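For reference, the structure discussed in these notes is given below.
2 protein chains.
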Amino acid sequence: MRVFWADESGLPASDRGLAYGDGLFETIRVEGAGAPLLAYHLDRLVTDARRLGIPVQKAELARVCEEAVSRWCDEGPRWVLKLVLTRGGGGRGYRPADRIEPNLLVARASAPERPAPEGVIAGFSRVPLTVNPLFAGIKSLNRLEQVMAAREISGDHFELLMANAAGHIVEGTRTNLFVATDNGWLTPPLESVAVAGIMRRLVIESLQKAGQALTETPVLPEHLSPGVCAGLYLTNSVLGVVGVRRLAGQDLPVDQRLATICRSHIAMD
Amino acid sequence: MRVFWADESGLPASDRGLAYGDGLFETIRVEGAGAPLLAYHLDRLVTDARRLGIPVQKAELARVCEEAVSRWCDEGPRWVLKLVLTRGGGGRGYRPADRIEPNLLVARASAPERPAPEGVIAGFSRVPLTVNPLFAGIKSLNRLEQVMAAREISGDHFELLMANAAGHIVEGTRTNLFVATDNGWLTPPLESVAVAGIMRRLVIESLQKAGQALTETPVLPEHLSPGVCAGLYLTNSVLGVVGVRRLAGQDLPVDQRLATICRSHIAMD
Numbered sequence: 049m050r051v052f053w054a055d056e057s058g059l060p061a062s063d064r065g066l067a068y069g070d071g072l073f074e075t076i077r078v079e080g081a082g083a084p085l086l087a088y089h090l091d092r093l094v095t096d097a098r099r100l101g102i103p104v105q106k107a108e109l110a111r112v113c114e115e116a117v118s119r120w121c122d123e124g125p126r127w128v129l130k131l132v133l134t135r136g137g138g139g140r141g142y143r144p145a146d147r148i149e150p151n152l153l154v155a156r157a158s159a160p161e162r163p164a165p166e167g168v169i170a171g172f173s174r175v176p177l178t179v180n181p182l183f184a185g186i187k188s189l190n191r192l193e194q195v196m197a198a199r200e201i202s203g204d205h206f207e208l209l210m211a212n213a214a215g216h217i218v219e220g221t222r223t224n225l226f227v228a229t230d231n232g233w234l235t236p237p238l239e240s241v242a243v244a245g246i247m248r249r250l251v252i253e254s255l256q257k258a259g260q261a262l263t264e265t266p267v268l269p270e271h272l273s274p275g276v277c278a279g280l281y282l283t284n285s286v287l288g289v290v291g292v293r294r295l296a297g298q299d300l301p302v303d304q305r306l307a308t309i310c311r312s313h314i315a316m317d
Numbered sequence: 049m050r051v052f053w054a055d056e057s058g059l060p061a062s063d064r065g066l067a068y069g070d071g072l073f074e075t076i077r078v079e080g081a082g083a084p085l086l087a088y089h090l091d092r093l094v095t096d097a098r099r100l101g102i103p104v105q106k107a108e109l110a111r112v113c114e115e116a117v118s119r120w121c122d123e124g125p126r127w128v129l130k131l132v133l134t135r136g137g138g139g140r141g142y143r144p145a146d147r148i149e150p151n152l153l154v155a156r157a158s159a160p161e162r163p164a165p166e167g168v169i170a171g172f173s174r175v176p177l178t179v180n181p182l183f184a185g186i187k188s189l190n191r192l193e194q195v196m197a198a199r200e201i202s203g204d205h206f207e208l209l210m211a212n213a214a215g216h217i218v219e220g221t222r223t224n225l226f227v228a229t230d231n232g233w234l235t236p237p238l239e240s241v242a243v244a245g246i247m248r249r250l251v252i253e254s255l256q257k258a259g260q261a262l263t264e265t266p267v268l269p270e271h272l273s274p275g276v277c278a279g280l281y282l283t284n285s286v287l288g289v290v291g292v293r294r295l296a297g298q299d300l301p302v303d304q305r306l307a308t309i310c311r312s313h314i315a316m317d
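Chains A and B, in that order, are what the protein sequence lines are. To convert, take the position in the first sequence, counting from 1, and add 48; that gives our numbering. To convert, take the position in the second sequence, counting from 1, and add 48; that gives our numbering.
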């Protein structure tokens, strides 16, 4: 694995990450001298690299992350460490070389502003979400759908939800979703999501630990209607749990239950 | 637009092409001092850039291509000019910046070997093809499906054909397809293809000009069975028309009709 520090250089022109999106990325929240969810991120990165056939060692990635945190720790109390892992260069067109040497680009980004605790405004994207079952959940570099959906976010909107061809509401452009109902929590099944967020896994673990009912099931528009939906929460590992107070013009209740359950499972603040 | 020459540098670390596959590419066959299909490539690039909201001028792209051809013309009689056009840097995560300055990476690659005129061997990929209707036909940088399918090409196989969720045979990893039947030619409709090849357009124009029947219709496995299929041809702009003499263990007839029709429409050799 070749390591590139984004404050020194980009990846070589021949990199397959640029050419084909042939790689993966992680955006890791760093606080002070640590990254509280690092183990989850490295788990996912290594698992998904294996799914794509990109050879990588978790211990080596962990060392680079440690170096990155100490390299940039003076730049602020809260920032985002970004890893881009690609299949490296070489190959004949789409077909990779027989021997793969991955490239890892390591970058620092500023942390996004935290949404207000009373909740955010969200809507629906017109961009359909298509998920190849082979890549479901993988945070690959093929993210044009999310880019085109994010272009539509405007004004006071925090997020837009994306639906698949079956009309199931699957996720936001940069968040997974959890719906509170009188019969417990709902979240779209793993095989339907484009990105299986770190925070999605952590919320599921937290709900299980707290003994709360959770069903992984397709979320239909009617699940988000005022009579049925007792709360809609968006999650990602950088922002944690974000309540939605208004969805497509309809008010929704917001409380801190889910955030509190997750916080007791692992320190999120 | 900022222009980067791949023999001098790659794109900046912050480029959105690497981060999200937020861009497009073209691979253009160069012969001697010219690129016979350049006008088609620039047409597609400008049209698809508009679909993605990447601002670009055709005249400026044409100037860069001219410069590239004279820069590398001494390196051989036949090579491939590769353009990677991205939305540049900036933005907040997936969401692009309000003001976009695209990046253009210009690279030279060697031309692939020409397949023998008696035809090639092809099979079927196990990787399903998923095409977001918003991006149908766009040669974007989101090509992980094609990479994963191309990884399966082995031995004496030239290409693998990919099917969508409906079971329609849509295209090869790097080729579009045309089927000869007793009722004329068939090719999958534009809205179903991941990449609408330059050569696909040229073949359609050539067949129309030659007064041959062509139907854009979903290609089913039975269309490729020996009784029905009077020939299967794969096309891309670098290799032209490639006949398939053996598909998944079944022999198919190969002749030069389609290649001849195209050659009379525009010089392919």
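Just so it is clear, CB atoms sit at the ideal spot from N, CA and C, and this is done for glycine as well. In this text, all values refer to a predicted model and were calculated from it rather than measured experimentally.
Three-state secondary structure (DSSP) of residue i
i                      : result
residue 85 of chain A  : coil
residue 79 of chain A  : strand
residue 312 of chain B : helix
residue 281 of chain A : strand
residue 289 of chain A : strand
residue 105 of chain B : coil
residue 198 of chain A : helix
residue 25 of chain A  : It is not possible to answer for residue 25 of chain A, since the shown part of chain A is limited to 49 through 317.
residue 164 of chain A : coil
residue 228 of chain B : strand
residue 66 of chain A  : helix
residue 273 of chain A : coil
residue 241 of chain B : coil
residue 132 of chain A : strand
residue 192 of chain A : helix
residue 72 of chain B  : strand
residue 117 of chain A : helix
residue 246 of chain B : helix
residue 177 of chain B : coil
residue 182 of chain B : helix
Close-in-space but distant-in-sequence residues of the same chain around residue i (CB under 7 Å, 5 per side omitted)
i                      : result
residue 68 of chain B  : 142
residue 276 of chain A : 229, 270
residue 148 of chain A : 102, 103, 135, 136
Sheet register partners of residue i (DSSP bridge)
i                      : result
residue 304 of chain A : In the DSSP output, where bridge partners are listed per residue, residue 304 of chain A has none listed.
residue 208 of chain A : A:171
residue 158 of chain A : A:127
residue 254 of chain A : Answer is none; residue 254 of chain A lacks a bridge partner.
residue 262 of chain A : A:233
residue 148 of chain A : Note: residue 148 of chain A sits in no beta bridge, so no partner.
residue 219 of chain B : B:210
residue 96 of chain A  : Beta-bridge pairing links residue 96 of chain A to no other residue.
residue 53 of chain B  : B:154
residue 294 of chain B : B:169, B:299
residue 140 of chain A : A:143
residue 90 of chain A  : For residue 90 of chain A, which the question treats as bridged, DSSP gives no partner whatsoever.
Residue closest to residue i, alpha-carbon to alpha-carbon, out of the options
i                      : options                    : result
residue 111 of chain B : B:97, B:126, B:131         : B:131
residue 172 of chain B : B:290, B:145, B:218        : B:218
residue 144 of chain A : A:214, A:122, A:103        : A:103
residue 300 of chain B : B:98, B:312, B:154, B:169  : B:169
residue 241 of chain B : B:152, B:290, B:52, B:210  : B:210
residue 221 of chain A : A:294, A:232, A:199, A:214 : A:199
residue 251 of chain B : B:308, B:115, B:182, B:105 : B:308
residue 134 of chain B : B:163, B:122, B:97         : B:97
residue 167 of chain B : B:292, B:297, B:312        : B:292
residue 281 of chain B : B:197, B:310, B:174        : B:310
residue 260 of chain B : B:306, B:279, B:179, B:163 : B:306
residue 109 of chain A : A:213, A:120, A:129, A:99  : A:129
residue 212 of chain A : B:243, B:185, B:179        : B:179
residue 243 of chain A : A:285, A:205, A:254, A:202 : A:285
residue 31 of chain B  : B:124, B:283, B:296        : Chain B is shown from 49 up to 317; residue 31 of chain B falls before or after that span and cannot be answered.
residue 186 of chain A : A:121, A:238, A:313, A:162 : A:238
residue 294 of chain A : A:279, A:86, A:60          : A:279
Chain-order list of residues whose beta-carbon lies under 8 Å from that of residue i (same chain, five-residue window excluded)
i                      : result
residue 267 of chain B : 216, 217, 218, 225, 227, 234, 235, 236
residue 139 of chain A : 64, 145
Cβ-heavy atom distance, residue i to the ligand ATP, below 7 Å
i                      : result
residue 124 of chain B : Ligands in the displayed structure: none, and consequently the ligand ATP is not present.
Neighbourhood of residue i by C-beta distance below 6 Å, restricted to the same chain and skipping five residues each side
i                      : result
residue 50 of chain B  : 151
residue 126 of chain B : 79, 159
Neighbour list for residue i in chain E, Cβ cutoff strictly below 9 Å
i                      : result
residue 268 of chain A : In the structure shown, chain E cannot be found, because the protein chains are A and B.
Notebook entry, point to check: Should the segment 86-96 of chain B be called in touch with the segment 60-78 of chain B, which here means at least 3 C-beta pairs below 8 Å?
Noted result: Yes, they touch.
Check: Pairing CB atoms from the segment 190-199 of chain B with CB atoms from the segment 190-210 of chain A, are three or more of them under 8 Å?
Finding: yes
Check: Per the contact definition of three or more C-beta pairs closer than 8 Å, is the segment 151-167 of chain B in contact with the segment 52-68 of chain B?
Finding: yes
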